[in-house]
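If you're matching them up, the sequences are chains A and B in order.
The first sequence begins at 1 in my numbering and counts up by one.
The second sequence begins at 1001 in my numbering and counts up by one.
Built from N, CA and C at the ideal position, the CB exists for glycine as well.
Predicted model, so just to flag it, every value in this text is computed and none were measured.
2 protein chains.
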Amino acid sequence: MEYVFSDNTEPLKPSAIREIFKSLTDPDVISFAAGNPSPESFPVADMKRFADAIFDECPSVALQYGITEGFTPLRESVKARAKRRFGVGGDNDTAIITSGGQQGIDLTAKVLCSRGDTVICEEPTFIGALNAFRAHGCRTVGVPMDSDGINTDALEFAIKTAENPKLIYLIPTFQNPTGKTMSKEKRVKCLELAKKYGLIILEDDPYGELRFSGESILPIKSMDTEGRVVYCSSFSKILSSGMRVGYVICDNAIANKITVCKQVNDVHTNLFFQMICHKFLTEYDLDAHIAKIRELYGRKCALMLSELDGKLPGSVRYTRPEGGLFIWADLPEYADMKEIIKELVKRKLAVVPGDTFLCDNGIGTGGFRMNYSTPSDAQIIKGVSILADVLKERLK
Amino acid sequence: MEYVFSDNTEPLKPSAIREIFKSLTDPDVISFAAGNPSPESFPVADMKRFADAIFDECPSVALQYGITEGFTPLRESVKARAKRRFGVGGDNDTAIITSGGQQGIDLTAKVLCSRGDTVICEEPTFIGALNAFRAHGCRTVGVPMDSDGINTDALEFAIKTAENPKLIYLIPTFQNPTGKTMSKEKRVKCLELAKKYGLIILEDDPYGELRFSGESILPIKSMDTEGRVVYCSSFSKILSSGMRVGYVICDNAIANKITVCKQVNDVHTNLFFQMICHKFLTEYDLDAHIAKIRELYGRKCALMLSELDGKLPGSVRYTRPEGGLFIWADLPEYADMKEIIKELVKRKLAVVPGDTFLCDNGIGTGGFRMNYSTPSDAQIIKGVSILADVLKERLK
Chain A
1 MEYVFSDNTE PLKPSAIREI FKSLTDPDVI SFAAGNPSPE SFPVADMKRF
51 ADAIFDECPS VALQYGITEG FTPLRESVKA RAKRRFGVGG DNDTAIITSG
101 GQQGIDLTAK VLCSRGDTVI CEEPTFIGAL NAFRAHGCRT VGVPMDSDGI
151 NTDALEFAIK TAENPKLIYL IPTFQNPTGK TMSKEKRVKC LELAKKYGLI
201 ILEDDPYGEL RFSGESILPI KSMDTEGRVV YCSSFSKILS SGMRVGYVIC
251 DNAIANKITV CKQVNDVHTN LFFQMICHKF LTEYDLDAHI AKIRELYGRK
301 CALMLSELDG KLPGSVRYTR PEGGLFIWAD LPEYADMKEI IKELVKRKLA
351 VVPGDTFLCD NGIGTGGFRM NYSTPSDAQI IKGVSILADV LKERLK
Chain B
1001 MEYVFSDNTE PLKPSAIREI FKSLTDPDVI SFAAGNPSPE SFPVADMKRF
1051 ADAIFDECPS VALQYGITEG FTPLRESVKA RAKRRFGVGG DNDTAIITSG
1101 GQQGIDLTAK VLCSRGDTVI CEEPTFIGAL NAFRAHGCRT VGVPMDSDGI
1151 NTDALEFAIK TAENPKLIYL IPTFQNPTGK TMSKEKRVKC LELAKKYGLI
1201 ILEDDPYGEL RFSGESILPI KSMDTEGRVV YCSSFSKILS SGMRVGYVIC
1251 DNAIANKITV CKQVNDVHTN LFFQMICHKF LTEYDLDAHI AKIRELYGRK
1301 CALMLSELDG KLPGSVRYTR PEGGLFIWAD LPEYADMKEI IKELVKRKLA
1351 VVPGDTFLCD NGIGTGGFRM NYSTPSDAQI IKGVSILADV LKERLK
C-alpha cells in the first residue's frame, strides 16, 4: 500500500555517512569516511571485569527498569567529572543520561524547537544534528567558519535575519567535520550573542577529551551562569560507541522537560552499561586511559598530515587539528567534487563529501572529511596515496 | 532564566507511573503500581555466560558503532521467531531493532503522524504510548472496551467522527492496563475497519508471550497482507527490561522511514545487548525459559485473584487475565478514587489510578491498575488486605 508520512519526516533522507558505512562491507575498501573510535581504544578486559562484577553483585538492579533521568550514581559521577575536567555545570544544572550524544541533541531540539523555528549552525556541521533539527520541523541556517571557529559577525547577521531563531548549535572543540577549535574569544562572543538575542546554545562536545596538542580551551558551558547553554557529550569516543551512553548537562527546568520526552522516547538508557560507565568513572583511572587514546590519535593524525603534506597537490588546503577524529580538506573552486568522489570509490577509498554537512541554505562546499582514528597506519599511507593520485589527475 | 518550550512538549506531564516508581524508595511501601517483570524472570547466569563470550569473541564489533536498523543476525532471528510463534511478518516486512518497545511506538508515531492528527486508542490504555502521541502533536481519542476487547461499533464511530484520524493504537493481548484480551472476531473487525477507512494499526504486543491460561489468539499482524499493521514488541518482559531492546516488524517502506528517524534519535540500540539477545534466540531454549515465567506469573495472578475474591467488597469488579502483568479493578460510580488512592498511600500500598490511562477526551475512569509480577507472595496477600480494608471503609 501507499503510505502518507508525517510532515516533519517526509523530507528526511538517510544520512550519507551511515549509508556509506553500510556499504563498506568490501574489505578492500579503505575508509576515511567513518567517525568511529579506534577499536584499540576500547578497554575490553576492564569492561569485562566490571560487567562480571555487576552480574555477580546486583543483576536484579541492572536488568530491571531504571529511572528515566539515568542511574543516580552515574549522574553524580558524570557531573563531578565534567566540573573537574571542564568547569562545566553550576548549582542549577543537572546531568541526564542519554542514549548516546545523539539523543541529547535530539531531545534538546524536541524540547526547545517548534515547527518553523530556526537553528543556527556552524557550516559545515554534523549531519546527525542537522537531521535531528529537520525532524522537528526546524530550518537550519549555516554560518561560515574561520580557522578559529565560527565567524561571529556572520553569526550575528544570521541571528538578526533568521525567522524564529531559537537555538545556536555549536561544536566548539575539534569540530565535526572540520577538526577546527573555536578560540576562547569567540566562545565568549557566542555566549554574549545568545544572551543579546535571547537564544539557547546547544554545545556539542563529544571530542573534548581527545586533545593531543595545543592548549586546552574550556567549553562555553563553563562560562554559563544563567542556564543558557545545554551541554551534550558522551562516552562514545573514550569507552565505547556501541554501548550508546551519553549525557546532557543543563538547567533543571530544561532537564525536567528532556526527562519527560526521554520517557516517551526510550524510557531510559541501557542500565547495565550505565552501571559500567559509573565503574569506569569511580573504580578506574579513566584519565590514564584517555591519555593513551590521545597519544594514539595524535600519532595517527600526525601520520595522516605528514602523508598529506608529502603527497597532495599544493592547491588542496586542509586543517591541522589539535584533537578529535577529523581532518577537513578544501579543494580549489573549479574542482568537480562529485566526479572526484566517484573516482575515489572506484579506487576503493571512501571519504565523506562536504555537501553532506550543509545546512538548508548551504551552497555546495567543495571539501571533504577524512577520519584518521579508524584506518590502520598502512591504510592511512595507502589511502592518502590513492587520494593524491586522483587529485593530481583531476586538479590539472 | 525563563524558557519557552516547544509547542508539542509544552503540555507534556511526567508519567504518573514513572513518578510513583521514583517515589517508591520507601521499602515499607507495597507496590502494585509498577509494570516491572519479576527479577526471578531474569536469566542472570546465562546472560553472564553470553556476555563473557561476546567479550572474548568479538569485543570490537560489540563496542563499536553498529547499523541503525539493528544487528543483522538479531533482525533475522527476531523475524524468524515472530513468524514461528505468532505468524507475524510477511515477504514485504522487515524487523528493526529498537531501544525497547517504547521507542517502536514513538518512532512509528513520529513517522506516520503530523501535528493535528488523531490517534484512536482503547481506553484506558498505556500512558507511555499516549504521551508519545501527544509529543508528536497528536490528539488521542479513547474507545471503550468490552470484556473481549475494544468495542468495535464505538471504534467505527470514533473513526468517522475524528479529525484527521491516522493511527489505531491497540494492545490486543493482555492489554495494559486492563489485562483484557481481544477476541479473534474483533481482531478481524479492527483490521477491516482500518482498511475501510485507510488507517494504519499500531499493534503493541509486549505481553504476548506471557499467556498462562486459555487459548492463544494470533496478533492482528498475522492477518495483515498489505502492510497495514505495524507490530511492536520487546524483550523487556522475557529477558530484561533494563537492557532496552525491542523491535518493530512492519512493511519495508515504513521501516525505512523509522530507520531514518532512529538514526537521528539514538543512532542505534546498545549493540552488546542486541548480541546477547541474538544468543538467547539461537543458543538457548528461550521457549523453556518463557514457560517458567508463564508459570510464575500464572501462580502470582491466581494468588492475587483468590485474595481479591476472598476479601474485596462485592461492589468492586475486576478482570481475570489469562496472561500479562495486570489486573484492572472498577469501583462503583459513587466512589471517590482520589481519596481512596490517598488513603492507600497512607497505609503504604501503591496502585495506579485509572485516570492516568485516559485519552484526551476521557472522562475519569474510576478504576485502578494492579500488578502481580513484581510484589512477593507475602506482599500480594498483605497488599490486598490493605486494599480490602480501605475499600470496605470507603464504599459503605
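- In the DSSP assignment, residue 1098 of chain B falls within the unbroken beta strand (DSSP E) covering 1093-1098.
- Using beta-carbon distances, residue 162 of chain A does not count as an interface residue toward chain B, since no partner is under 8 Å.
- The count of Cβ pairs closer than 8 Å, one atom from the stretch 371-385 of chain A and one from the stretch 25-43 of chain A, reaches three, so the stretches are in contact.
- Interface criterion met: the Cβ of residue 269 of chain A is under 8 Å from a Cβ in chain B.
- By the neighbour-count definition (other C-beta atoms within 10 Å, threshold 16), residue 1081 of chain B is a buried residue.
- The stretch 86-101 of chain A makes contact with the stretch 241-253 of chain A; the number of CB pairs closer than 8 Å reaches 3 or more.
- In the three-state DSSP reduction, residue 234 of chain A falls in the strand class (E or B).
- Between residue 5 of chain A and chain B, the shortest Cβ-Cβ separation is below 8 Å.
- Taking the Cα positions, residue 175 of chain A is about 43 Å away from residue 1168 of chain B.
- At a cut-off of 8 Å between beta carbons, residue 230 of chain A makes no contact with chain B.
- DSSP, read as helix, strand or coil, puts residue 283 of chain A in coil.
- Distances from the CA of residue 340 of chain A to each of A:363, A:106 and A:395 were compared; the closest alpha carbon is that of A:395.
- Shown here, residue 1145 of chain B sits in a strand according to DSSP, grouped into three states.
- For the stretch 1095-1112 of chain B, the set of positions with a beta-carbon nearer than 7 Å to some beta-carbon of chain A reads 1099, 1100, 1102, 1103, 1106, 1110, 1111 and 1112 in chain order.
- In the three-state scheme derived from DSSP, where H, G and I count as helix and E and B as strand, residue 119 of chain A is classed as strand.
- Under the 10 Å beta carbon count, residue 209 of chain A is surrounded by 16 or more other beta carbons and is classified as buried.
- Annotation: residue 391 of chain A to residue 312 of chain A spans about 7 Å, alpha carbon to alpha carbon.
- Annotated as distal: residue 1064 of chain B and residue 41 of chain A, with beta-carbon spacing of 8 Å or more.
- Residue environment analysis places residue 1363 of chain B among the exposed positions, since fewer than 16 neighbouring C-beta atoms fall within 10 angstroms of its C-beta.
- Look at residue 1166 of chain B here: in three-state DSSP terms it is strand.
- Using a C-beta cut-off of 8 Å, the stretch 1193-1208 of chain B makes contact with the stretch 1151-1164 of chain B, since at least three inter-stretch Cβ pairs fall below that distance.
- According to the DSSP secondary-structure assignment, residue 1301 of chain B is paired through a beta bridge with no residue.
- By the neighbour-count definition (other C-beta atoms within 10 Å, threshold 16), residue 91 of chain A is an exposed residue.
- Look at residue 203 of chain A: its C-beta is not under 8 Å from any C-beta on chain B.
- In the DSSP assignment, residue 1248 of chain B falls within the unbroken beta strand (DSSP E) covering 1246-1251.
- In its chain, beyond the 5 residues on either side, 1327, 1370, 1372, 1380 and 1384 have a beta carbon closer than 8 Å to the beta carbon of residue 1304 of chain B.
- Taking the C-beta atoms as reference points, residue 276 of chain A is found no nearer than 8 Å to residue 55 of chain A.
- Look at residue 1226 of chain B: its C-beta is under 8 Å from a C-beta on chain A.
- By the neighbour-count definition (other C-beta atoms within 10 Å, threshold 16), residue 139 of chain A is a buried residue.
- Fully contained in the stretch 324-353 of chain A are the following alpha helix (DSSP H) runs of length 4 or more, in chain order: 337-346.
- When only Cα atoms are considered, residue 71 of chain A and residue 1192 of chain B end up about 45 Å apart.
- Where residue 1156 of chain B is concerned, the enclosing alpha helix (DSSP H) starts and stops at 1152-1161.
- The count of Cβ pairs closer than 8 Å, one atom from the stretch 140-152 of chain A and one from the stretch 171-185 of chain A, reaches three, so the stretches are in contact.
- Annotated three-state conformation of residue 1084 of chain B is helix, per DSSP.
- Annotation: residue 42 of chain A is outside any alpha helix (DSSP H) and is labelled neither H nor E by DSSP.
- When Cβ pairs closer than 8 Å are counted between the two stretches, the stretch 354-368 of chain A is seen to touch the stretch 330-339 of chain A, the count reaching three or more.
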